[in-house]
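For reference, the structure is listed below as structure tokens.
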Amino acid sequence: MTRVIERLSSLFVRTLREDPAEAEVASHKLLVRAGYIRRQAPGVFAWLPLGLKVRRRVEQIIREEMTRAGAQEMLFPALLPADFYAATGRLDDYGDGMFRLDDRKGAPMVLAPTHEEAFTLTVKDLYSSYKDLPLTIYQIQDKYRDEARPRAGVLRGREFTMKDAYSFDWNDEGLDASYQAQRDAYERIFKRLGLDYVIVAADSGAMGGSKSEEFLHPTEVGEDTFVHTADGSYAANVEAYTATPAPARDFAADGPVEVFPTPGARTIAAICEQAGCTPDQTLKNVVLALVDHEGKREVVIVALEGDREVDLKRLEVAFQPREVETATEDDLKKHPQLVPGFIGPWRDGAQFLGKESTTGIPYYLDARIGDGSTWITGANEPDAHVRSLVFGRDFVADGRVEAAEVRAGDPAPNGAGPIIAERGTEIGHVFQLGRKYAEALGLQVLDPNGKRVTVTMGSYGIGVTRNLALVAEQNHDDRGLIWPEEVAPFDVLVVATGKGEEPFAVAERLAAEADAQGLEVLLDDRPKVSPGVKFGDAELIGVPWIIIAGKNSAEGLVELWNRRSNERTEVSVDDAMATLT
Ligand code: ATP
Ligand code: MG
Ligand code: MG
Ligand code: MG
């Protein structure tokens, strides 16, 4: 391969002195100012030569670790038939988040936001036996999501690059092993990128499936909140966190409205999977709140909606029973899961609950019927649940009920504590999908007994471009970027400054030497550019090592400048390379 030394005199880059107007976070400002990315539309960016080099290096780390984990690379198109997503219901679930288009014949197409369906269908196309499995395949590819709020440059883009891997196994043990292999690979990737991370329990949400963990990079610019304990025994995204009610505090008569998800207040589908029931059985799926209403305390019950994930902060339907009494000591002894204030006589001969939802699956509230009294328990006892609630009679829509705040100091659900809340950004997500997609798309194989079994899957995503931006966010100072060696666009920048031919000749020689040693080298050979401008650009661009061939070149001396420590040392031209490598 012919190697050509890259030169700043011809490199397609213009550094900027001013921050772009719309940029709020440092990485966004610096990636634009240093000539790595250019905005094309909100959340859509072009990658200039410098940016593309860094991207390729991030991808390289990911590829190496995927290979180590036994995953094979392939590539799907971003443009896919909408049918793929209709088959799993995600065409609706994604809503406005999906870019949709029609081809010239009117066939509906989408720009893929993620690729579970395409991978599943292709494996179905080609494989039919347990002997073909396990299989983990992945791609590094652009994804399209019409994010409501694209922000912070490539941190949240509408086009962004993801590494998405998918595992296929014919039994549960296989899935556990495939999942663990990806999880381990993720740890290695983030360590190599030098990104701090916390692994938190995540909500399985609209994806369905059982086990899901997110890798969050703790940072103030993050859009996720997670809670964890100092001893590390508990960590969860708030979306998957069940607040622990503390009666004395939460039921103060003049306190604010509080809502508590009961343990496992999730989607009906997810709960069914846990409880091994079907959606027409009664289910635990309720949120309780205490409000002050016309001088009286009332329990408000909020039903989660049908078969979909509902954001607890945005529940709109509330249920108002007539009276509430505080539980007695005896009640609490009989029902250890009760919380004072949550129970009370309700209606005689209660026959209620269950509102027709838009999806056709009724709402289920969690209540226990005693002799003439109804106990709201939150217990997962199918027989104790009731249905057939009448909207209007039993429910009123009384506006928004806010979910309980995460309160620092609460005990964690595992008993450890107190919890600490922090901001973070999701850098990776590992997910046991289980059989949901394989079932919807009919992916089965023959097991060792010749029986057809549905394949069980995992899905594993890393935001390549988001990770790159976070590396920049974590590695900069007020003068520019400071790339870690593993992802820097170049290993060394050789700068020629000063009058006469000598510095330029020495710089050429050093660049050639660096190149011969296998280093990636950029040569600042721009004529008639002041040393101040050259040094300013060197700092902005952030290559780890800078060699300055200046006025002492004639005496055979150059300066070695470490971008991170800012240390400069004078060395002889002959020693320069040896000192570097
Ligand atoms: P977020 O919660 O930040 O919206 P997500 O849960 O929607 O992310 P996944 O579907 O789990 O994202 O995708 C896998 C990975 O892709 C994420 O962990 C994240 O690193 C990255 N990612 C997701 N959305 C974006 C985006 N809009 N821009 C850049 N990277 C993204
Ligand atoms: Mg998202
Ligand atoms: Mg997320
Ligand atoms: Mg995610």
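Using this note's numbering, the letters of the sequence shown correspond one by one to residues 13 to 593.
The C-beta atom is built at its ideal place from N, Cα and C for all residues, glycine as well.
- Residues lining ligand 4 by the Cβ criterion, that is a Cβ closer than 7 angstroms to any of its heavy atoms, are Ala214, Glu226, Glu438, His441, Gly473 in chain order.
- Distances between the C-beta of Asp105 and the heavy atoms of ligand 3 are all 8 angstroms or more.
- With respect to the 9 angstroms criterion, Ser179 and Met469 are classified as neighbours on the basis of their beta carbons.
- Distances between the C-beta of Asp236 and the heavy atoms of ligand 3 include at least one below 8 angstroms.
- CA-CA distance, Glu579 to Ser224, rounds to 45 angstroms.
- Shown here, Pro146 sits in coil according to DSSP, grouped into three states, outside any helix or strand.
- Secondary structure note for Tyr178: its beta strand (DSSP E) is the uninterrupted segment 171-181.
- Counting of Cβ neighbours within 10 angstroms places Ser565 among the buried residues, the total reaching 16 or more.
- DSSP lists Trp557 as the beta-bridge partner residues of Asn574.
- Checking the 8 angstroms criterion, the Cβ of Glu71 is out of range of every heavy atom belonging to ligand 2.
- In this structure, Arg478 lies away from Val250, with their beta-carbon atoms at least 9 angstroms apart.
- Taking C-beta atoms as the reference points, Ile553 and Val506 fail to come closer than 9 angstroms.
- One thing to note: Val442 has its Cβ no nearer than 9 angstroms to the Cβ of Val518.
- In the displayed model, Leu534 falls within a strand according to three-state DSSP.
- Here the alpha carbons of Arg521 and Asp536 stand approximately 13 angstroms from one another.
- For Arg157, the shortest separation between its Cβ and any heavy atom of ligand 2 lies below 8 angstroms.
- About 18 angstroms separates the CB atoms of Ala130 and Phe172; that is not less than 8 angstroms, and the two are not in contact.
- Taking a C-beta distance under 9 angstroms as the contact criterion, Phe238 and Gly475 do not qualify as a contact pair.
- Under DSSP, Ala433 takes part in a beta bridge, and its partners are Val239.
- Inclusion of Glu77 and Arg204 in the CB contact set at 9 angstroms is warranted, their separation being smaller than that value.
- Not one heavy atom of ligand 1 falls within 8 angstroms of the beta-carbon of Phe202.
- Under the three-state reduction of DSSP, Gln486 is assigned to helix.
- Set against 8 angstroms, the gap from the CB of Pro162 to the closest heavy atom of ligand 1 is smaller.
- In this structure, ligand 1 has a non-hydrogen atom nearer than 8 angstroms to the beta-carbon of Phe172.
- For His127, no beta strand (DSSP E) run applies, since DSSP gives it neither H nor E.
- A straight line joining the alpha-carbon of Ser190 with that of Ile74 spans about 17 angstroms.
- When C-alpha distances from His240 are compared across Gly234, His229, Val210, Thr231, the shortest belongs to Val210.
- The Cβ-Cβ distance between Glu571 and Ile560 falls below 9 angstroms.
- Residue ranges of uninterrupted alpha helix (DSSP H) with 4 or more members, entirely inside the segment 437-499 and ordered along the chain, are 448-453, 476-486.
- Take Arg195, set aside five residues on each side of it, and the residues of its chain with a beta-carbon closer than 6 angstroms to its own are Val442, in chain order.
- Residues of the same chain with a CB within less than 7 angstroms of the CB of Arg200, apart from the 5 flanking positions on each side, are Glu77 in chain order.
- Taking the C-beta atoms as reference points, Asp176 is found no nearer than 9 angstroms to Gly462.
- In the structure shown, Ile73 adopts helical secondary structure according to DSSP, grouped into three states.
- For Thr581, the uninterrupted beta strand (DSSP E) segment begins and ends at 580-584.
- Looking only at Arg538, Leu534, Gln84, the smallest Cα-Cα distance to Pro146 is reached by Gln84.
- Residue environment analysis places Leu42 among the buried positions, since at least 16 neighbouring C-beta atoms fall within 10 angstroms of its C-beta.
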